[in-house]
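Anchor point for the sequence shown: position 25 equals 24 in numbering that gives the first Met the number 0, and the numbering is continuous, going up by one each time.
By construction, the Cβ of each residue, glycine as well, lies at the ideal position given by its N, Cα and C atoms.
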Amino acid sequence: MVRSKLQYCKSCDSYGLGPNCKVCGDVMVSSAPLKYSPEDPQGKRRRERENAGSDEWAESLPSPNEEAGE
Ligand SMILES: [Zn+2]
């Protein structure tokens, strides 16, 4: 797997390529790939579109314990 060459400048709080920041010239550090945000700003909208929470929505969910009983 190819490592990302995305670098991060702590001084500018910005991302870029190359060993040094183009803005301030400070040394850039390797940046981890952007992570999925658990806050999911689009989540609310998506759940509304899927009518999450309704009986219909609940029926559509997979039920791994369906045959396991209680
Ligand atoms: Zn910078």
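Report task. Taking 8 angstroms as the cut-off, decide whether the C-beta atoms of E49 and W56 are in contact. Result -> yes
Query raised in the report: Sorry if obvious, but does the Cβ on V22 come closer than 7 angstroms to a heavy atom of ligand 1?
Result: yes
Query raised in the report: How many angstroms separate the CA atom of D12 from the CA atom of M27?
Result: 10 angstroms
Report task. Confirm the yes/no value for this check: CB of S53, any heavy atom of ligand 3, distance under 7 angstroms. Result -> This structure simply doesn't include ligand 3; it includes ligand 1 instead.
Query - Straight-line gap, S29 to C23 (C-alpha atoms, nearest Å) - result: 17 angstroms
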